[in-house]
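Note that the working numbering has the sequence shown beginning at 23, numbered continuously upward.
Glycine residues also receive a C-beta, built at the ideal position from the N, C-alpha and C atoms.
As the structure is a computational prediction, the values presented were derived from the model and not from experiment.
See structure below.
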Amino acid sequence: VAIITPVIHYCMGGLEIDTDSACVDASGKAIPGLYAAGEVAGGVHGNNRLGGNSLLDCVVFGRVAGKAAAKYMLGDKTKSMDLKELSGGGLAADKEAPASKL
């Protein structure tokens, strides 16, 4: 027999964000350099959310916030990269080394 107890499993509130995941002030204007993603970002689902959407929020808005924050910090010095280019964390590995050594 399992004991079932109600617990908090997802935060439904948070900082209001715009389409770039930038936090907005009370007037709806973006706050420069302040971004939110995942459960700290509010206003995405309204008063409720569909089950399972919380992981998607983290992935989608995390990526959006990361790109926007990089552009905010670096300006036009950013460039798009394919994930294949980042394989291995950008480190060159010895192709002959056994997998346990990588």
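Requested in this report: Please state whether DSSP places Gly64 in a helix, a strand or coil.
Outcome: strand
Report task. Would you mind reading off the limits of the alpha helix (DSSP H) that contains Leu77? Result -> Asn75 to Leu96
Query raised in the report: Which first and last residues belong to the beta strand (DSSP E) in which Ala52 is found?
Result: Ala52 to Tyr57 is the extent of the beta strand (DSSP E) around Ala52.
Query raised in the report: Is it buried or exposed for Val23, if we count other Cβ within 10 angstroms and need 16 for buried?
Result: exposed
Query raised in the report: Going along the chain, which residues of its own chain have a beta-carbon closer than 7 Å to the beta-carbon of Val62, five neighbours each way excluded?
Result: The residues are Gly36 and Leu37.
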